[in-house]
Structure formats: structure tokens, C-alpha cells
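Note that the sequence shown ends on residue 289 in the working numbering; no numbers are left out.
Even glycine gets a Cβ: it sits at the ideal position worked out from N, Cα and C.
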Amino acid sequence: MTAMKSDLLVRKARPEDNDRLATICFEAFGGINATHNFPPDFSNLEIVQGFMGFIISAPFVESFVAEQDGKVVGSSFLWPGAEISGVGPVTVDPLKQGSVGRTLMEATIAKSDELGQKGVRLVQAAFNRTSMALYAKLGFDVKEPLVCLNGPSIGKSIPGYSVRKPTPEDIPGAEAVCRRVHGHDRTGEFAMSIENGTGRVVESEGKIVGYTTDTAFFGHSVADSNEAMSALLGAAEAFSGPGILVPSRNGELFRWCLAHGLKIVQPMTLMAKGWYQEPRGAFLPSILF
């Protein structure tokens, strides 16, 4: 995959791009967060280098690298699902803005369409007016205001609910919950969370009523009710990375989190282009969607 637009070349990422892409990502996110007095999403460059190495080599992630005058100036990544694609991270060298972000996003959206996805979604920092304006111009709609929350583990059980590690036999039950709430499934992510040990399911009266792939920035959670979601959060051993993303319109769940010691890290926004069903239950998106 190689595309030209003006003096920009867009191509697939290569392993040798890792350090340059990690540096751009670290500086771009760190810079905008610092400008608005928010903590960085990544505490050090080494973490970003490891993350970039993973997604560049991951066979299930589509990568897009922008070159200008032979120099890498930005990147974006598409995570296709069974029906919906997630986008991120999208980063541009702070010294090379212009049309780089738009060109990368146009290539990313085109790939999602080519793969026959019903929609494409992303999460952006609400204080980043530049990225919000770009995504809106490209056809993304604001779907949910979010708050990133973090803090110590809550250690609270909810009567009538039990939380445990899932097994492969739980996949149909988890898929059913996601379809009830979102209208589509994220089976691949749930199955991966079983393999890496971060997933959990919550049951009530012997039935799966919710799950989480991880209580973390890159994990998502779905439940039939706020009580079931609270059970998942109450049983979490930790909230990893910057934290979890809670829809602030869900006042009951938002207040429950605040009352149990979680603090606001930063405001964020869930945006979507294409098909979208208003959630019919409780959910926490990942940093992708």
C-alpha cells in the first residue's frame, strides 16, 4: 500500500520505523497534554517504543506512515473488528502539521471502507480542538463525552453478582451481552483477553450479564446494567495505564466511581463515522472505541 498526495507519501509501517514513530507519538501527545495541564498518556519513551513495536508487527492492525521529503512525519493505525474498526493512535510531528493528519485519516478511513466495515470509531482528548475539528470535517460525529478515571482498586462486591476469570466457553455469553448493548460483537478482543488473563465476566443468577477485556485504557467493558458494571469495577485489581473511560452522561455510574475513590484524569470524546447504535446498557469504551 503506497499512496501519494501532494508531497506526502503514505505507506505501510516497517519495523525500522519504530523509534521515529514512537518519538513522534510521545512528543505529540505529551506536548498537547502539557499545553493544557494534563498528565501525559505515556510516562516515558520506552513504553511507547514497546507499544509501537507491538502494533507495527501485529497482523490484525493496519498501519499508515506519512513521509515527506524522505522523512517520517506521522502515522495512524486501524484496528478492524468483526464489524467496526477502531482508529489510533494518530500522531503527527508537531513541526510538520499542515495536511499530514488529514491525509493519514483519509487513508485510514478508505481502508476501513475497503474491508467492508459498518463503521469506524475513535476516542480523542476533548481539549484537543485541532483533532476534534479534523475528525468532524471527515464525517465523524460526537457520540459520547467521556471521563478518564483512575485511582486505587475499589475492592467492593455487589450483592447478587459474582466476578470471575472467563474461559473459552464464556465467549457466546459475552458476545450476547455486547450485541444487546451495542448491536455488534467484539468477540476477538474478548477471546484475546482470555488468553492474556486480563478478561473478567460478571454473572447474576448463573447468567453472564457483563464482561471486561481489561479495566484499562486499552480495555473495554460491557454490561446489562450499572450494577453489573459496578461489580466488574469493584472487583478490579487495578486500573492500568491512564485509567478507564467512563461515559459522563451515565451519571449513576460516574458518581459511583467518584464515590469509591476514582479521580478524573482528563475529559475525552467518543466519535463515530458510519453505523452506530445508541448503547442499551452500561459500557466503558477502550481508547479505540
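Asked: Meets three-Cβ-pair contact criterion under 8 Å: the stretch 42-55 and the stretch 12-22; Found: yes
Asked: Sheet register partners of Pro279 (DSSP bridge); Found: In the DSSP output, where bridge partners are listed per residue, Pro279 has none listed.
Asked: Cβ-based burial, Glu203 [other Cβ within 10 Å; buried from 16]; Found: buried
Asked: Reference Ile55, options Gly188, Tyr211, Trp79, Val265, closest by Cα; Found: Trp79
Asked: Same chain only: Cβ atoms within 7 Å of Asp170, ignoring 5 sequence neighbours per side; Found: Val201, Ile208
Asked: Proximity to Asp28 [Cα-Cα], best of Gly74, Asp214, Val181, Asn37; Found: Rather than Asp, the amino acid found at residue 28 in this sequence is Ala. Closest by alpha carbon: Gly74.
Asked: Buried or exposed by the 16-neighbour rule on C-beta atoms within 10 Å, applied to Leu270; Found: buried
Asked: Straight-line Cα distance separating Leu134 from Arg11; Found: 21 Å
Asked: Coarse secondary structure for Ala236, derived from DSSP in three states; Found: coil
Asked: Strand pairing of Cys148, partner residues [DSSP]; Found: Leu245, Gln266
Asked: Close Cβ partners of Pro40 (< 6 Å) along its chain, the five nearest in sequence each way excluded; Found: Gly30, Asn33
Asked: Nearest-angstrom Cα separation, counted from Phe217 out to Asn128; Found: 18 Å
Asked: Start-to-end residues for the alpha helix (DSSP H) that takes in Thr130; Found: 129-137
Asked: Nearest-angstrom Cα separation, counted from Ser63 out to Glu237; Found: 33 Å
Asked: C-beta contact flag for Val181 and Arg280 at 8 Å; Found: yes
Asked: Same chain, Cβ closer than 8 Å to Val177, neighbours up to 5 away in sequence not counted; Found: Ile208, Val209, Gly210, Tyr211, Val222, Ala223, Asp224, Gly281
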